[in-house]
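J.: Residue numbers (full-length UniProt numbering): 1 to 220.
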Amino acid sequence: MKTKILLVDDHSVIRHGIRSYFKGLDDFEVIAEADCGERAFNALNAMDVDLIFMDISMKGMDGISATGKIKELFPDIKIIALSMMMDSEYIKNMIDAGADGYLFKDCTEEEIQKAARAVVAGDSYYCSSATKNIIKGYKDDQEKMASSIDPNFTLTAREKEVLRLIIDQQSNKEISEKLFISLRTVDAHKRNLLDKTGQRNVAGLVMYAIKNKVFKDLKL
Numbered sequence: 001m002k003t004k005i006l007l008v009d010d011h012s013v014i015r016h017g018i019r020s021y022f023k024g025l026d027d028f029e030v031i032a033e034a035d036c037g038e039r040a041f042n043a044l045n046a047m048d049v050d051l052i053f054m055d056i057s058m059k060g061m062d063g064i065s066a067t068g069k070i071k072e073l074f075p076d077i078k079i080i081a082l083s084m085m086m087d088s089e090y091i092k093n094m095i096d097a098g099a100d101g102y103l104f105k106d107c108t109e110e111e112i113q114k115a116a117r118a119v120v121a122g123d124s125y126y127c128s129s130a131t132k133n134i135i136k137g138y139k140d141d142q143e144k145m146a147s148s149i150d151p152n153f154t155l156t157a158r159e160k161e162v163l164r165l166i167i168d169q170q171s172n173k174e175i176s177e178k179l180f181i182s183l184r185t186v187d188a189h190k191r192n193l194l195d196k197t198g199q200r201n202v203a204g205l206v207m208y209a210i211k212n213k214v215f216k217d218l219k220l
């Protein structure tokens, strides 16, 4: 069964380009387009959608607001932000709204397809530039942020291995294969990492690793 895609962007040329990236693929099908958040909801109320590529800056309801409301009403739908907004605050706000991934509009066809497959498989996906900007924004602001994490706990060696591979953009399947563990075990380690660090998503784990210097070689 094909993954059904909705494209939400106020520029038709962008929608046309993304549509072309999935044309002819056996596992994906673009079934609808919308030029704003309001029309995205019209599409969602009329058909079943599995994955949304969401712009941020649009007239009317912006992508951040639309993502938050869609995740509230349709929690199973995966959402990938596809935006020209490179500021870490936009990225953070989109992730906090529930986005499963974040791509910049200058990314390649191959990366867009890779991101789509990753989030459909249950992973998160952030392009390397977005991850870098998240880290930079966090480092710039970290003096203003109060930590609520108990500094006395430690991550296990295996948890550190999994965390490093997550930061390196490895999918659950790739982590499973590299560490010779089951997908269920990978999921368990991810849940433990989120619980221990008090984070809600992969971006939070990246920021945690930077702030707490989990890996000395992790640099911008």
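Heads up, the beta-carbon is just placed ideally off N, CA and C, and yes, glycines get one too.
(1) Looking only at DSSP bridge pairs, what is Lys190 linked to?
(2) Identify whether Met207 lies in helix, strand or coil by the three-state DSSP scheme.
(3) Starting from the N-terminal side, write out each stretch of the beta strand (DSSP E) that is 3 residues or longer and does not extend beyond the region 18-76.
(4) Using C-beta distances below 6 Å, list every residue in its chain close to Met145, excluding the 5 sequence neighbours before and after it, in chain order.
(5) Going by beta-carbon coordinates alone, are Asp187 and Asn201 separated by less than 9 Å?
(6) Cys107 to Phe41, Cα distance in whole Å?
(7) Kindly identify the DSSP beta-bridge partner or partners of Phe104.
(8) Between Glu161, Leu193, Ile167, Thr154, which lies nearest to Lys178 when the distance is taken from Cα to Cα?
(9) Do the CB positions of Gly63 and Met94 come within less than 9 Å of each other?
(10) Span of the beta strand (DSSP E) holding Lys4?
(11) Could you tell me which of Lys196, Ile56, Ala34, Tyr126 sits nearest to Met47, measuring between CA atoms?
(12) Does the pairing of the region 61-75 with the region 104-121 give three or more beta-carbon distances under 8 Å?
(13) Looking at C-alpha atoms only, which residue of Lys23, Asp10, Phe28 is the closest neighbour of Thr3?
(14) Given this structure, state the Cα-to-Cα distance separating Val30 from Ala157, to the nearest angstrom.
(15) Enumerate in chain order the residues of its own chain whose CB-to-CB distance from Ile175 is below 7 Å, with the five nearest sequence positions on each side excluded.
(16) Identify the residues that DSSP records as bridge partners of Tyr90: which are they?
(17) Using DSSP with H/G/I as helix, E/B as strand and the rest coil, what is Arg15?
(18) How would you call Met54, buried or exposed, if buried means at least 16 neighbouring beta carbons within 10 angstroms?
(19) Using only CA atoms, which one of Glu89, Gly37, Asp9, Val49 lies nearest to Met1?
(20) Return the CA-CA distance between Leu193 and Gly204, expressed in angstroms with no decimal places.
(21) Name the residue from Phe74, Phe22, Asn45, Lys211 whose alpha carbon lies nearest to the alpha carbon of Glu110.
T.: This is what the structure holds:
(1) Looking at the DSSP output, Lys190 bridges to nothing.
(2) If DSSP states are grouped into helix, strand and coil, Met207 belongs with the helices.
(3) Correct list: 28-34, 51-54.
(4) Residue placement at Met145 is flagged as unreliable, the pLDDT there being 46, under the threshold of 50; the coordinate-derived value follows with that caveat. Excluding sequence neighbours, Met145 sits near nothing in its chain.
(5) Contact annotation: Asp187 and Asn201 have beta-carbon atoms that are not nearer than 9 Å.
(6) Between Cys107 and Phe41, the C-alpha separation is close to 26 Å.
(7) DSSP lists Ser83 as the bridge partner or partners of Phe104.
(8) Selected option, being the one with the closest Cα: Glu161.
(9) Cβ distance < 9 Å, so Gly63 and Met94 count as in contact.
(10) Boundaries of the beta strand (DSSP E) around Lys4: 3-8.
(11) For the residues Lys196, Ile56, Ala34, Tyr126, the minimum Cα distance to Met47 belongs to Ala34.
(12) No, they do not touch.
(13) Ranked by Cα distance from Thr3, the first of Lys23, Asp10, Phe28 is Phe28.
(14) Cα-Cα distance, rounded: 42 Å.
(15) Result list for Ile175: Val162, Leu165, Val186, in chain order.
(16) Beta-bridge partners of Tyr90 (DSSP): none assigned.
(17) Looking at Arg15 - three-state DSSP - the assignment turns out to be helix.
(18) When all chains shown are included, Met54 counts as buried.
(19) Relative to Met1, the option among Glu89, Gly37, Asp9, Val49 whose CA is nearest is Val49.
(20) Spanning the two alpha carbons is a distance of roughly 10 Å.
(21) Closest option to Glu110, Cα to Cα, is Phe22.
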